[in-house]
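Peer 1: Counting the sequence shown from 1 gives a position; this note's numbering is that position plus 33.
For reference, the structure I am asking about is given below.
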Amino acid sequence: MRNTNPELEPVVAVCGSEAAVYGPKEYNGIRPFLYRKHFPHHGAAKQFAHDFEEPAKSRPAVR
């Protein structure tokens with residue numbers, strides 16, 4: 034069972050050929066910026082985001 038609170042998971046934002054990774058929401062409701070990756074094309078950035086977030090769905094739920 035995966036974590037049912039998406040605010041506790043890191044997320045990836047894709048814009049063009051760039052992907053930005055943000056951490057879990059902090060107490061003030063802001064997601065901290067972690068790092069940015071550049072790719073040769075948009076499809077590669079989308080694949081990175083998919084591969085990054087897919088393992089989070091298989092993690093055990095946080096209670």
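Ideal placement from N, C-alpha and C gives every residue a C-beta, glycine not left out.
All values derive from a computational prediction rather than experimental measurement.
Between which residues of its own chain and K70 is the CB-CB distance below 6 Å, once the five residues before and five after are set aside?
Peer 2: If we look at K70 and ignore the five residues flanking it on each side, its Cβ neighbours are A52.
Peer 1: From this set, P57, D84, A46, which residue's C-alpha is nearest N38's C-alpha?
Peer 2: It is P57.
Peer 1: Secondary structure at E40, three-state DSSP: helix, strand or coil?
Peer 2: Of the three classes helix, strand and coil, the one that applies to E40 here is helix, per DSSP.
Peer 1: What's the call for R96, buried or exposed, on a 16-neighbour Cβ count within 10 Å?
Peer 2: Note on R96: pLDDT 49, under 50, position unreliable in the model; the coordinate value appears next. Its Cβ having fewer than 16 others within 10 Å, R96 is exposed.
Peer 1: Give me whichever residues DSSP pairs with H71 in a beta bridge.
Peer 2: Paired residue(s): E51.
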